[in-house]
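Mind the numbering: the sequence shown is residues 3 to 208 in UniProt numbering, read in order.
Even glycine gets a Cβ: it sits at the ideal position worked out from N, Cα and C.
Written below as structure tokens is the structure these notes are about.
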Amino acid sequence: NPLQGAQFVLAAHRLGQLPADRGAEVAFAGRSNAGKSSALNALAGHKGLARTSKTPGRTQQMVVFALPPLAQGEGRPPLEARLVDLPGYGYAEVPAELREHWKREIDAYLHRRGSLRGVVLIVDIRHPPKPFDRMMLDFCAATALPCHVLLTKADKVARGQAAAALEALRRGMREDGVPGTAQVFSSTAGTGVEEARERIAELLRT
Ligand code: GTP
Ligand code: MG
């Protein structure tokens, strides 16, 4: 597992509190309760790493995890690599002021973080992309930031439905010029975990 050994570094309320902007970073974004933290744990192979909850709005900070340095081969130095769990977006019961704060911070993070190599967008497979998902995909298209979509909670739908959701999403991404890939995923059933690990390691190395 290329994402094995991730360790909690810090939780930031503002961009300025993040670790030095060097090396490579991949951020986990998605609507509140979509399953971002659960996906991160499944990928790192460490259940209690990021805090998860049945209650939407659990992650209220940018939570940074460091990976062991990634070997790059061919005499190149190992790469400092991180995964960042972003606060969930779109939870109505979070006070408006806080929602505004996170909208600004996530926006600033995406625009200014030089070490950001790509976004892992977590989407509940049962619901077609919502406005926040669309916004993130549009942002990736506009800035040529690679994106990898995990259609998660696939254990909750039939196989055919999962395949149809993936096909529809891929078609939309192609039509909108989104530079990225998508797959079916389930944190609970372990579906697609290997594929996602490889893809994220690849994003970190680009
Ligand atoms: P916030 O931090 O609140 O934005 O949420 P999050 O996106 O980090 O979601 P989290 O990982 O905390 O998961 C939310 C709920 O969905 C929890 O009850 C999880 O157990 C559940 N969940 C997450 N992934 C899966 C999955 O693949 N399958 C199923 N059945 N449930 C899942
Ligand atoms: Mg979370």
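Heavy atom of ligand 1 less than 7 Å from the Cβ of residue i, yes or no?
i, result
"threonine 154", "yes"
"threonine 183", "no"
"threonine 208", "no"
"aspartate 140", "no"
"glycine 47", "no"
Within this structure, are the beta carbons of residue i and residue j separated by less than 8 Å?
i, j, result
"threonine 183", "alanine 156", "no"
"leucine 123", "alanine 41", "no"
"glutamine 74", "arginine 207", "yes"
"alanine 146", "proline 181", "yes"
"valine 125", "proline 131", "yes"
"asparagine 3", "arginine 201", "no"
"residue 215", "aspartate 178", "Given that the chain is displayed from residue 3 to residue 208, the structure contains no residue 215 and the question cannot be resolved."
"leucine 72", "valine 28", "no"
"asparagine 35", "serine 189", "no"
Report whether the distance from the Cβ of residue i to the nearest heavy atom of ligand 2 is below 7 Å.
i, result
"serine 189", "no"
"alanine 52", "yes"
"glycine 92", "no"
"threonine 57", "no"
"threonine 145", "no"
"threonine 61", "yes"
When you compare only the Cα positions, how much space is there between residue i and residue j?
i, j, result
"valine 186", "valine 11", "29 Å"
"arginine 93", "aspartate 87", "Here the sequence assigns tyrosine to residue 93, which means arginine is not the residue at that position. Near 16 Å, if we compare the C-alpha coordinates of aspartate 87 and tyrosine 93."
"alanine 52", "glycine 120", "19 Å"
"lysine 158", "phenylalanine 30", "21 Å"
"alanine 68", "alanine 8", "5 Å"
"leucine 45", "proline 97", "31 Å"
"histidine 48", "glycine 116", "27 Å"
"leucine 81", "valine 65", "20 Å"
"proline 21", "glutamine 62", "18 Å"
"alanine 13", "arginine 128", "30 Å"
"glutamate 197", "glutamate 76", "24 Å"
Among all the DSSP beta bridges, which residues are the ones paired with residue i?
i, result
"alanine 31", "Leu123"
"aspartate 87", "Phe30, Val65"
"glutamine 9", "Ala68"
"glycine 182", "Cys149"
Starting from the Cα of residue i, find the closest Cα among the options and give me that residue.
i, options, result
"arginine 176", "Ala160, Glu196, Pro148, Lys38", "Pro148"
"glycine 59", "Lys38, Gly50, Asn43", "Lys38"
"leucine 17", "Ala165, Pro71, Glu82, Tyr111", "Tyr111"
"histidine 15", "Thr57, Ala164, Arg136, Glu102", "Glu102"
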